[in-house]
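Numbering of the sequence shown is given in my numbering, commencing with residue 51 and proceeding in unit increments.
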Amino acid sequence: MTCCPPSCLCWGLFRDEIWASDNPCVQAVDLGPDEIKQLYQTYGHPVGITYRSLYPPNVYCTSEGCRRATIHLTKATSQQILLYTISEGVIQTYHTHLYCEHCKISYFNNYAVADGIRTYYASEIPEYLQIGEHRYVERRLINYWILQMLVSVSASSCARIYNEGLQVGPSDPLWQFSSTIRTEEVWDAFTLLCLLDDAERQHAMLHVPHTGEQHQRFTDAVKERNSRIELLGQAEHDHYCDRCTHFYDPDPSSETPTMSKVSAAVVDGITLGHPRCAVSDPEVCMNELSSTRNRFCNEHLSKDSECSVVNCKKPAVEGKRTCSEPLHEAAERRYVDGGQARFQLKHRLQRQKLAHLKRMEPDDSDEGDDLVEEQQGQAGEEGQAEKEKLPRAQFGRKRTHNEQIIVAPCGMIIARATFYNSETPSAVVAMLQRVYPDRRTRPNHIIFDNNCLLSKLVKNDPDFDNIGLTVDVFHFTCKHKVSDHWCQSYCNPADFPELKNADGSWHFNSSIAEQTNVWLGGYYAMLKEMTASRYNFFLDEMILRRNRTTRANLEKSGMSPQNWDYDMIV
Numbered sequence: 051m052t053c054c055p056p057s058c059l060c061w062g063l064f065r066d067e068i069w070a071s072d073n074p075c076v077q078a079v080d081l082g083p084d085e086i087k088q089l090y091q092t093y094g095h096p097v098g099i100t101y102r103s104l105y106p107p108n109v110y111c112t113s114e115g116c117r118r119a120t121i122h123l124t125k126a127t128s129q130q131i132l133l134y135t136i137s138e139g140v141i142q143t144y145h146t147h148l149y150c151e152h153c154k155i156s157y158f159n160n161y162a163v164a165d166g167i168r169t170y171y172a173s174e175i176p177e178y179l180q181i182g183e184h185r186y187v188e189r190r191l192i193n194y195w196i197l198q199m200l201v202s203v204s205a206s207s208c209a210r211i212y213n214e215g216l217q218v219g220p221s222d223p224l225w226q227f228s229s230t231i232r233t234e235e236v237w238d239a240f241t242l243l244c245l246l247d248d249a250e251r252q253h254a255m256l257h258v259p260h261t262g263e264q265h266q267r268f269t270d271a272v273k274e275r276n277s278r279i280e281l282l283g284q285a286e287h288d289h290y291c292d293r294c295t296h297f298y299d300p301d302p303s304s305e306t307p308t309m310s311k312v313s314a315a316v317v318d319g320i321t322l323g324h325p326r327c328a329v330s331d332p333e334v335c336m337n338e339l340s341s342t343r344n345r346f347c348n349e350h351l352s353k354d355s356e357c358s359v360v361n362c363k364k365p366a367v368e369g370k371r372t373c374s375e376p377l378h379e380a381a382e383r384r385y386v387d388g389g390q391a392r393f394q395l396k397h398r399l400q401r402q403k404l405a406h407l408k409r410m411e412p413d414d415s416d417e418g419d420d421l422v423e424e425q426q427g428q429a430g431e432e433g434q435a436e437k438e439k440l441p442r443a444q445f446g447r448k449r450t451h452n453e454q455i456i457v458a459p460c461g462m463i464i465a466r467a468t469f470y471n472s473e474t475p476s477a478v479v480a481m482l483q484r485v486y487p488d489r490r491t492r493p494n495h496i497i498f499d500n501n502c503l504l505s506k507l508v509k510n511d512p513d514f515d516n517i518g519l520t521v522d523v524f525h526f527t528c529k530h531k532v533s534d535h536w537c538q539s540y541c542n543p544a545d546f547p548e549l550k551n552a553d554g555s556w557h558f559n560s561s562i563a564e565q566t567n568v569w570l571g572g573y574y575a576m577l578k579e580m581t582a583s584r585y586n587f588f589l590d591e592m593i594l595r596r597n598r599t600t601r602a603n604l605e606k607s608g609m610s611p612q613n614w615d616y617d618m619i620v
């Protein structure tokens with residue numbers, strides 16, 4: 051005799067009555083999602099049945115060697131949660147987790163917990179990601195937020211758009227949680243999905259602490275990914291395609307045609323940055339700040355009690371940032387006066403207008419509250435003749451100077467680097483040598499607005515042998531002096547016939563880096579108060595996703611995007 055499951059038995063007994071019933075629950079097949087959710091709220095919630103519940107992906111313990119691995123886990127705990135979706139708004143539901151008493155492992159929808167460590171399941175990225183104790187977000191919604199971020203929509207705007215436009219559905223007073231999504235929860239969702247996506251590409255598992263503050267949970271994982279990308283580069287580091295690489299005959303008159311490869315990369319900088327430790331002497335401190343409102347890192351925190359005037363080691367007067375020297379006190383008064391509302395508002399407006407510029411003196415953006423950024427020494431009272439020059443001082447925070455990018459002419463972003471000091475040719479050279487450590491990987495041409503100085507610096511450097519160092523066509527025509535003999539002789543793009551097509555037009559888009567910086571400039575407001583780790587993580591992710599879009603567009607255009615296999619290059 052075959053054993054019939056209870057569900058089959060019930061259906062056999064009641065199917066005729068169910069099909070003939072006019073009960074609204076039975077007729078729900080003709081209702082929309084909101085009406086169905088309302089039925090669940092009315093009839094299901096009081097007895098613990100919800101529209102969409104979340105469970106672990108399996109009901110067995112998966113720990114190796116568990117002697118109860120073939121037995122269903124029966125110790126279960128359920129809790130109320132809010133499920134944020136893109137098409138159905140906020141769903142009030144339950145999440146149930148299971149516990150293996152033998153292995154002491156708890157199994158949740160996204161991860162398993164053992165010895166205080168969350169280990170996310172490696173099979174696939176879950177459809178819903180947990181971003182708080184009682185909050186889950188649909189993966190499609192997080193990807194939608196990231197798409198918005200790619201066009202410079204901030205996390206706060208993503209939250210506002212969702213709360214005002216997409217947060218629909220019934221509200222059951224039995225659920226005591228606010229359904230409003232907060233900005234920090236958008237960031238947590240962004241971080242978690244990006245880390246899981248990265249772990250999937252690396253064929254690895256994501257491990258994070260189960261206890262502690264939510265905003266610190268992913269810190270170590272974020273730093274680990276940052277370090278790996280800094281060491282190994284972006285996924286498209288070795289990119290080439292028919293738009294950024296072409297082949298030409300260097301001697302068309304020869305009876306034996308030969309084909310040579312020519313590729314190019316364009317370098318440019320933009321004024322983006324994050325707060326950094328104010329120590330710059332004898333060398334720039336690159337330690338991360340424990341808080342973006344601090345002037346100094348933990349290693350140099352004692353300097354916060356010293357006089358802020360450069361080279362003065364005297365202790366600061368209590369409640370002040372300078373010692374009792376009259377000129378030092380005068381410098382601080384000038385700094386405080388400059389922080390008044392009228393000056394700050396004017397200064398902020400100027401900074402917003404200048405955010406897109408690619409090179410400036412060391413950055414001095416506003417703090418956003420009552421602090422003004424780095425102030426070098428000021429002289430005299432406004433409108434009066436200078437009587438006594440005030441000393442240079444570092445009252446506010448320092449910021450990194452600029453972001454430098456290397457872009458292929460097709461638009462693929464090859465690399466980026468944060469410059470803590472100014473965009474000097476030597477710093478650009480160091481970046482190029484770091485990005486292209488193997489001579490086989492280097493482009494045949496590097497286009498940079500300041501190549502007239504950079505080329506002098508590397509004229510005897512074998513790393514740059516047989517590499518053309520030209521200036522962007524527009525800048526060479528409009529911004530470089532005809533009287534500069536070196537620039538005209540060595541950096542003129544017209545002297546390199548391989549840079550042109552047969553019809554005389556330029557083969558490469560030498561302005562691509564500036565065009566890319568227009569996109570990066572949209573992140574100025576979002577980035578300026580981030581910690582160094584979050585800043586790097588966010589920029590790396592935006593570049594990675596933009597590169598994915600660029601690659602897809604190149605494929606559609608028939609440009610055959612690929613990655614070099616350098617083992618095959620002599």
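Positions of the beta carbon are idealized from the N, C-alpha and C atoms, including for glycine.
Report the residue from the options whose alpha carbon sits nearest the alpha carbon of residue i.
{"i": "Q180", "options": "W195, F240, S221", "result": "F240"}
{"i": "G461", "options": "D488, H324, D292, R102", "result": "D292"}
{"i": "L200", "options": "R596, R601, W614", "result": "R596"}
{"i": "Q226", "options": "I456, Q142, S610, Y161", "result": "Q142"}
{"i": "D238", "options": "I456, F588, Y149", "result": "F588"}
{"i": "G518", "options": "V316, L577, R449, I99", "result": "V316"}
{"i": "E138", "options": "A443, A467, R102", "result": "R102"}
{"i": "D615", "options": "P441, R598, H287", "result": "H287"}
{"i": "E453", "options": "P441, Q266, T474, G446", "result": "T474"}
{"i": "L256", "options": "P441, I496, V272, V386", "result": "V272"}
{"i": "Q264", "options": "V236, Q284, H289", "result": "V236"}
{"i": "F297", "options": "E579, H557, P611, M592", "result": "H557"}
{"i": "E214", "options": "P223, R232, L197, L224", "result": "R232"}
{"i": "G571", "options": "D318, G388, H95, H535", "result": "D318"}
{"i": "S313", "options": "D301, R490, Q266", "result": "R490"}
{"i": "H495", "options": "D545, S304, A552", "result": "D545"}
{"i": "H350", "options": "L339, R343, V360", "result": "L339"}
{"i": "S310", "options": "T169, P493, E177, Q198", "result": "P493"}
{"i": "H152", "options": "D299, A119, L216, S228", "result": "A119"}
Under the three-state reduction of DSSP, which class applies to residue i: helix, strand or coil?
{"i": "C150", "result": "strand"}
{"i": "G182", "result": "strand"}
{"i": "E43", "result": "Any answer about residue 43 is impossible in this case: the structure gives the chain only from 51 up to 620."}
{"i": "W569", "result": "helix"}
{"i": "Q284", "result": "coil"}
{"i": "D301", "result": "coil"}
{"i": "K448", "result": "strand"}
{"i": "S226", "result": "Note that residue 226 is Gln in the sequence shown, not Ser. Coil."}
{"i": "W614", "result": "coil"}
{"i": "A544", "result": "helix"}
{"i": "K273", "result": "helix"}
{"i": "K439", "result": "strand"}
{"i": "F558", "result": "coil"}
{"i": "G388", "result": "helix"}
{"i": "E411", "result": "In this predicted model, E411 has a pLDDT of only 38, less than 50, meaning its place in the structure is not dependable enough to derive any value."}
{"i": "Y290", "result": "strand"}
In chain order, what residues of the same chain lie with their CB nearer than 6 Å to the CB of residue i, ignoring the 5 residues before and after it?
{"i": "P543", "result": "T520, V523, L549"}
{"i": "R584", "result": "none"}
{"i": "E432", "result": "Residue placement at E432 is poorly supported in this model, since its pLDDT is 47, which falls under 50; the coordinates are not used for a value here."}
{"i": "L242", "result": "L179"}
{"i": "S156", "result": "H147, Y149, V163"}
{"i": "N586", "result": "N276"}
So, for residue i: in the same chain, excluding its five sequence neighbours on each side, which residues have a beta-carbon less than 7 Å away from its beta-carbon?
{"i": "N603", "result": "none"}
{"i": "F514", "result": "V508"}
{"i": "G62", "result": "none"}
{"i": "D354", "result": "R345, F346"}
{"i": "I593", "result": "Q284, I463, R466"}
{"i": "H95", "result": "D222, L224"}
With a threshold of 8 Å on Cβ separation, who are the neighbours of residue i within its own chain once the five nearest residues in sequence on each side are excluded?
{"i": "N471", "result": "S330, V334, P412, H451, A477"}
{"i": "V109", "result": "H122, L123, L148"}
{"i": "Y144", "result": "G98, T100, S103, L104, S128, Q129, Q130, I131"}
- [ ] Please determine if the stretch 567–582 and the stretch 501–519 are in contact, where contact requires at least 3 C-beta pairs separated by less than 8 Å.
- [x] no
Open item on the list: Below 8 Å, how does it come out for the stretch 181–199 and the stretch 248–259: are there three or more Cβ pairs, yes or no?
Closed with: By the Cβ criterion, the stretch 181–199 is not in contact with the stretch 248–259, since fewer than three pairs of Cβ atoms, one from each stretch, lie closer than 8 Å.
TODO: Run through the stretch 475–505 for me and flag every whole beta strand (DSSP E) of 3 or more residues, listed as ranges in chain order.
DONE: 495–498
Open item on the list: Ignoring anything shorter than 3 residues, give me the beta strand (DSSP E) runs that lie fully in the stretch 104–163, in order along the chain.
Closed with: The qualifying runs are 125–134, 140–150, 155–157.
Open item on the list: Within 8 Å, do at least three Cβ pairs link the stretch 373–382 to the stretch 438–446?
Closed with: yes
Task: Sufficient close CB pairs (3 or more, under 8 Å) joining the stretch 162–173 to the stretch 126–140 - done: no
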